[in-house]
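All remarks here apply to the structure that follows.
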Amino acid sequence: MNNETLGLIAGTLTTASFIPQVMKIWQTKSARDLSWGMAGVFTAGTFLWLLYGIQAGAMSIIVANGITFCLSLAICVMKLKFDRIS
1357 MNNETLGLIA
1367 GTLTTASFIP
1377 QVMKIWQTKS
1387 ARDLSWGMAG
1397 VFTAGTFLWL
1407 LYGIQAGAMS
1417 IIVANGITFC
1427 LSLAICVMKL
1437 KFDRIS
């Protein structure tokens, strides 16, 4: 198995792990138990990994972190919105 294939498999698994959290926050309209520290640091980290992937030309890093960045940004937006409501 080459590095790019391994990276795509790993990226798919780690990215998919965020989907249940996004769905739960959307369904319950609550992200109160999620810390801003974790959400902010993780979102910044995935953005930096995305930039690294772009600079390195590593498609597996670009795809995985691009999608994960969007999901983590969605979590931050929902947290901001739903924390104001409750």
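As numbered in the working numbering, the sequence shown has no gaps in its residue numbers, which increase by one up to the final residue, 1442. Note that the Cβ used here is the ideal one computed from N, Cα and C, for glycine as well. All of these numbers come straight from a predicted model, not from anything done at the bench.
Practice task
Give the range of the alpha helix (DSSP H) segment to which residue 1379 is assigned.
Solution key: Numbered from 1 along the sequence shown, position 23 holds the residue referred to as residue 1379. Counting along the chain, the alpha helix (DSSP H) containing residue 1379 begins and ends at 1375-1384.
Exercise for the section: Just tell me which of 1387, 1370, 1417 has its CA closest to the CA of residue 1432. Expected result: In the sequence shown, counting from the first residue as 1, residue 1432 sits at position 76. Nearest option by C-alpha distance: 1387.
Practice task
Compare the C-alpha of residue 1359 against each of 1381, 1393, 1417 and name the closest.
Solution key: Here residue 1359 is taken as the residue at index 3 of the sequence shown, counted from 1. Checking every option, the nearest Cα to that of residue 1359 belongs to 1417.
Problem - Beta-carbon proximity of residue 1370 to residue 1424, cut-off 8 Å - result: In the sequence shown, counting from the first residue as 1, residue 1370 sits at position 14. In the sequence shown, counting from the first residue as 1, residue 1424 sits at position 68. Yes, the Cβ-Cβ distance between residue 1370 and residue 1424 is below 8 Å.
Exercise for the section: For the alpha helix (DSSP H) holding residue 1440, just list the boundary residues, first then last. Expected result: As a first step, residue 1440 is located in the sequence shown; it is residue number 84 there, counting from the start. Per DSSP, residue 1440 belongs to the alpha helix (DSSP H) from 1415-1441.
Problem - residue 1364 in three-state terms, based on DSSP - result: Translated into positions along the sequence shown, residue 1364 becomes position 8. If DSSP states are grouped into helix, strand and coil, residue 1364 belongs with the helices.
Exercise for the section: Determine the direct distance from the alpha carbon of residue 1363 to that of residue 1396, and round the result to whole angstroms. Expected result: In the sequence shown, the residue the question calls residue 1396 occupies position 40. In the sequence shown, the residue the question calls residue 1363 occupies position 7. In a straight line, the C-alpha of residue 1396 is about 24 Å away from that of residue 1363.
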